[in-house]
Amino acid sequence: MGNAFHSRIRSALADANLQLALDANAEKRIKVRQTAFESLSNPEQLRARAHNMREDVIEHLDVYLETFIARARKNGVIVHRAADAYQAINIVMEIASQKEAKLIAKSKTMVSEEIRLNPALEEHGFQVVETDLGEYIVQLRGEAPSHIITPAVHLRRQDVGKLFEEKLGLPYTEDISVMTNAARSTLRQVFLDADIGISGVNFGVAETGTLCVVTNEGNGRMVTTIPRTHIALMGIERMVPTMDDLALMLSLLPRSATGQKLSVYTSLLTSPRRMDDPDGPQERHIILIDNGRFEVRRSELSEILYCIRCGACLNACPVFREIGGHAYVGRNGMGSTYPGPVGSVISPALFGQCEFGHLARASSLCGACKEACPVEIDLPKLLLRVRAGIGVQAPRALAKPNTPKLLKLGVGIFTLAATSPKRFAVTQWLAGLFGSAATLFSKGDPWIRLPAFSGWGYSKDFPLPASKPFHDRYNTQANPIADEEHKLPVHGDTSTKSSPKKYDEDLLAKFSDELEALGGKFYSCSTNEVWHKILEILQVHDVKEILSWDVGTLPDRLLENLTEAGIQVVFPTSENIRTISHIRAGITGAFGAIAESGSIVILGGAGQPLTASLLPEIHIALLQEKDVFWQLSQVLNMGEIEQVAAAVLISGPSRTADIEMTLTIGVHGPGELHIICLKDG
Amino acid sequence: MPTTVQLFITCILDTLYPETGEAIVRVLERAGARVSYPPNQTCCGQPAFNAGLRAHARKMAIQTICAFEPYKGPVVVPSGSCAAMIRHSYTELFADDHKWLERALKLAQRTYEFSEFLVDILGVTDLGARFDGRMTYHSSCHLLRDLGVDRQPRTLLAGIHHAEFVELPNSTDCCGFGGFFSIEHPEISSAMMDRKIENIERSGASVVVSCDAGCITNINGGLHRKHKNQRAMHIADILDNV
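The following block contains the structure:
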């Protein structure tokens, strides 16, 4: 076992602060995930479908990649392929040098952690700023994320308060909204000044070449919209074949990760800014990173590539709950980018059994990870394969177990005994003798206190073996004759799940309920009244200046009426963005809405700047009643989404829970979302 | 005519808890089964399998397959993890050995965990057992998640007379045993066990029932070290109390 690992385990267990943070994480995350899954009528069926889909993708990965690449190129995206971390870093570096970039804004990407991109860029003089609040915090601390979804899960508000005091000069506070605001204003300038935005990718849709990026804070939208160049980093396994498959994955990913029906922002990026587009990056690059994945695909650990990085297995894992993400280190002390059950398979698979194989031994194989996994990865099975040495480096026949020597010796002796009933009986007789003798010494107490170094004796006593084992006491003959032809029912869980109640209210009521549950506001009025409704909202907030979509995309006379009422209307573009970022409200249309998750869909394109729904504190969106649909898949399958450079699904105001999982509304995106539904179309 | 069951007593019960083994026989007989005990049984191989030592595990699995092959009828295993080993992990163990895989599958198809067999096959819910006091139930991981068995032991416990059943907080959390995990990572295992013991105390029960001797050894080992009065008991010992 790695000594580094062991000492990390000890210090994690001794860190009272960390223990509180991890307990809070597990309790909260398990609960919200459960609640979110209860809103699905057939979660088990969806998980099975998702598993089969991911299996198909990994099996035919080369075909899907080829289709994806061809489509993405046709869309105008610049596609790069990187065989390993070195190549991936070089590609980023080349783009950055060519653009003479100084400042790079990043949204969360685990694959960039995997290839250690930040240190490489910094070494070459680029300034890199992480913009996800949790990731920003760990970057300021000079740490790696300790969780796939909540990077600063190991910290409490006091830690962040002290950090911001030291690094940002913010007077010490334990008020999370004050800290979030400080990060918002610091990072707003970073988004505006950045030469390049780097993001990860949650899914790449093969049939359309679309990149799907989900975030809650809005930083993902910022880095993929504002800087002139966007570079997306994607592990090659993150393909889904169709928009339907994307809808399936989106029904599972946010629920598993954060207990949301949809994340606040689901960006669907198809191409760079087009000729008529008011905003968006001039260049969009995608770097498809292999870094060992094709090898893993050919191995008996290929199932780990189904992973969609939701972090549910970390939250469910009782071991992660005790030791946290930073304890998962290699033999030489190098951190495992992906911690928890999934990391204990990925790290040995990608970076070697020798360095990381021991992580798979730190599991009680309780199966909570498998149970939580939205794509039903059989993690215990894979952990056992890693223990047995089966993997990328060794096929089954050549596998070398990573069992500690002493344990191997013990199991060897036990196996020798257990492969012969006679030897087994002799062993038990010896154990019984020992038990009887020890009972004499212990004055009848049938327990023995083993020394702590035995492992067992560390915290518990061991029952003394019985003087006479069962097989000596129970001497009836075995009965070889079956009474009858046994027709046994097939075993398995016969319990049936009751299907949740169907929501039978009408579409619009469902939509407004869901929206308001997310913290959004819903209004309904006629087109003639809408300018008045908007004016009311603006007056409440004392707003005199707004960002807006082009006049042609909004109801007739709306902007004129607002202007006449003294509101100054500004049309945002990439060119004027630095001077308009302070404007507090934005008005946009909406392409459609999804009732089941309370989301609206906004398309970019001519006259429809995406920044109008992103930069201001208050976002007002106008929706036609007829454009409300029940399900995500209905909307994703409308061709319009892939026709535009970028589209976004918005589900409530921007939010974060990166500090102590305390929900804070209004991070980088709007803190208020008002949706006005126009009754007369 | 009564069903004859082939009892696989498991190495832990055989060596550490023979009285529980006897209780199992009595309970099965009271439920109307005839109990047969194939003599060549030792260990299913799970300890070696979980340790990563598959060559060793295969040898013990073969020993087990051969021990039960001559005896027809359902094989009853009073341990969730050993039953799961035979039902699920033998497939993994013999994945590239067709001859043994076929024989392993035959054994797997007729293997049942004890409480599952009583409820699903024999249709028993009330065995006339009694317990005066407050008890609770710990869901063993492999029983619950690998075999999907939870309703059955709970049904049996609901049929116990005079007992007051209380729910164990976080009853599905692992107790920290995990076989050799508890020896290789005693610190983590111990932290998990401490939570389990805290929850047992919070439940107010004097007895926590489980269907797996591994969990019982772990929980009781911790309770004994901490000088606590609560005890973990195998479900058969509770059902045997008439």
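Note that the protein sequences, when read in sequence, are chains V and G. With this note's numbering applied, the first sequence corresponds to residues 1 to 681, in that order. With this note's numbering applied, the second sequence corresponds to residues 1001 to 1242, in that order. For glycine and all other residues, C-beta sits at the position ideal for the given N, C-alpha and C. Since the model is a prediction, treat every value here as computed from it, not as a measurement.
Backbone secondary structure at residue i - three-state DSSP
i, result
"residue 1174 (chain G)", "coil"
"residue 592 (chain V)", "strand"
"residue 682 (chain V)", "There is simply no residue 682 (chain V) to check, as chain V begins at 1 and stops at 681 in what is shown."
"residue 456 (chain V)", "helix"
"residue 1117 (chain G)", "helix"
"residue 1088 (chain G)", "helix"
"residue 677 (chain V)", "strand"
"residue 635 (chain V)", "helix"
"residue 500 (chain V)", "Bear in mind that the predicted position of residue 500 (chain V) carries a pLDDT of just 41, short of 50, making it unreliable; the figure below should be weighed with that in mind. Residue 500 (chain V) falls in the coil class under three-state DSSP."
"residue 183 (chain V)", "helix"
"residue 483 (chain V)", "Its pLDDT being 46, under 50, residue 483 (chain V) is placed unreliably by the model, and nothing is read from it."
"residue 241 (chain V)", "coil"
"residue 307 (chain V)", "coil"
"residue 494 (chain V)", "The pLDDT assigned to residue 494 (chain V) is 46, lower than 50, so where the model puts this residue is not dependable, and the model offers no usable value."
"residue 189 (chain V)", "helix"
Residues that residue i contacts on chain G, provided the C-beta gap is smaller than 8 Å
i, result
"residue 456 (chain V)", "1182, 1183, 1186, 1221"
"residue 361 (chain V)", "1052, 1181, 1184, 1185"
Interface residues of chain V facing residue i [CB-CB closer than 7 Å]
i, result
"residue 1191 (chain G)", "13, 322"
"residue 1030 (chain G)", "Neighbours of residue 1030 (chain G) on chain V: none; closest Cβ ~16 Å, over 7 Å."
"residue 1177 (chain G)", "364"
"residue 1056 (chain G)", "411, 412, 415"
Closer than 8 Å at the beta carbon, the chain V residues around residue i
i, result
"residue 1051 (chain G)", "387, 401, 403, 407, 408, 411"
"residue 1040 (chain G)", "421"
"residue 1047 (chain G)", "411, 414"
"residue 1060 (chain G)", "415, 418, 419"
"residue 1025 (chain G)", "474"
Test item: CB-CB of residue i and residue j under 8 Å
i, j, result
"residue 291 (chain V)", "residue 84 (chain V)", "yes"
"residue 1077 (chain G)", "residue 1036 (chain G)", "no"
"residue 256 (chain V)", "residue 310 (chain V)", "yes"
"residue 623 (chain V)", "residue 597 (chain V)", "no"
"residue 620 (chain V)", "residue 567 (chain V)", "no"
"residue 1149 (chain G)", "residue 1115 (chain G)", "yes"
"residue 352 (chain V)", "residue 328 (chain V)", "no"
"residue 1179 (chain G)", "residue 1214 (chain G)", "yes"
"residue 1020 (chain G)", "residue 1075 (chain G)", "no"
"residue 1167 (chain G)", "residue 1125 (chain G)", "no"
Distance between residue j and residue i (C-alpha atoms, nearest Å)
i, j, result
"residue 1173 (chain G)", "residue 79 (chain V)", "46 Å"
"residue 154 (chain V)", "residue 18 (chain V)", "5 Å"
"residue 501 (chain V)", "residue 510 (chain V)", "At residue 501 (chain V), the pLDDT of 37 sits below 50, so the modelled position is not reliable; the number obtained from the coordinates is stated separately. One C-alpha to the other measures close to 14 Å."
"residue 1010 (chain G)", "residue 365 (chain V)", "19 Å"
"residue 1147 (chain G)", "residue 393 (chain V)", "32 Å"
"residue 558 (chain V)", "residue 530 (chain V)", "7 Å"
"residue 682 (chain V)", "residue 1096 (chain G)", "What is shown of chain V runs 1 to 681, which leaves residue 682 (chain V) out entirely."
"residue 1222 (chain G)", "residue 1197 (chain G)", "8 Å"
"residue 668 (chain V)", "residue 615 (chain V)", "8 Å"
"residue 199 (chain V)", "residue 355 (chain V)", "29 Å"
"residue 104 (chain V)", "residue 642 (chain V)", "27 Å"
"residue 687 (chain V)", "residue 67 (chain V)", "The displayed coordinates of chain V run from 1 to 681. Any statement about residue 687 (chain V) would go beyond what the structure contains."
"residue 347 (chain V)", "residue 279 (chain V)", "39 Å"
"residue 562 (chain V)", "residue 535 (chain V)", "7 Å"
"residue 378 (chain V)", "residue 1092 (chain G)", "12 Å"
"residue 259 (chain V)", "residue 588 (chain V)", "28 Å"
"residue 1232 (chain G)", "residue 472 (chain V)", "25 Å"
Proximal chain G residues relative to residue i, where beta-carbon distance stays under 9 Å
i, result
"residue 367 (chain V)", "1141, 1142, 1144, 1145, 1146, 1174"
"residue 471 (chain V)", "1009, 1014, 1018, 1021, 1037, 1039, 1041"
"residue 447 (chain V)", "1220, 1221, 1224, 1225"
Residues that residue i contacts on chain G, provided the C-beta gap is smaller than 7 Å
i, result
"residue 396 (chain V)", "1096"
Chain-ordered neighbours of residue i on chain V, where CB pairs are closer than 9 Å
i, result
"residue 1169 (chain G)", "The premise fails here: residue 1169 (chain G) is roughly 11 Å from chain V at the closest Cβ pair, so nothing lies under 9 Å."
Report yes or no: do the segment 1161 to 1170 of chain G and the segment 1125 to 1141 of chain G share at least 3 C-beta pairs separated by less than 8 Å?
-> yes
Three-pair Cβ contact test at 8 Å for the segment 304 to 311 of chain V versus the segment 369 to 388 of chain V | yes
Validate contact between the segment 504 to 522 of chain V and the segment 665 to 678 of chain V using beta carbons, cut 8 Å, 3 pairs | yes
May I ask you to verify whether the segment 600 to 613 of chain V touches the segment 644 to 655 of chain V, counting CB pairs closer than 8 Å and requiring at least 3?
-> yes
Listed from N- to C-terminal order along the chain, which residues in the segment 1211 to 1239 of chain G have their beta-carbon within a distance smaller than 8 Å of any beta-carbon of chain B?
-> You won't find chain B in this structure, because its protein chains are V and G.
Quick one: any contact between the segment 165 to 176 of chain V and the segment 201 to 209 of chain V, if contact means 3 or more CB pairs under 8 Å?
-> no
Could you tell me whether the segment 313 to 330 of chain V touches the segment 141 to 157 of chain V, using the rule of 3 or more Cβ pairs below 8 Å?
-> yes
Three CB pairs or more closer than 8 Å across the segment 226 to 240 of chain V and the segment 129 to 147 of chain V = no
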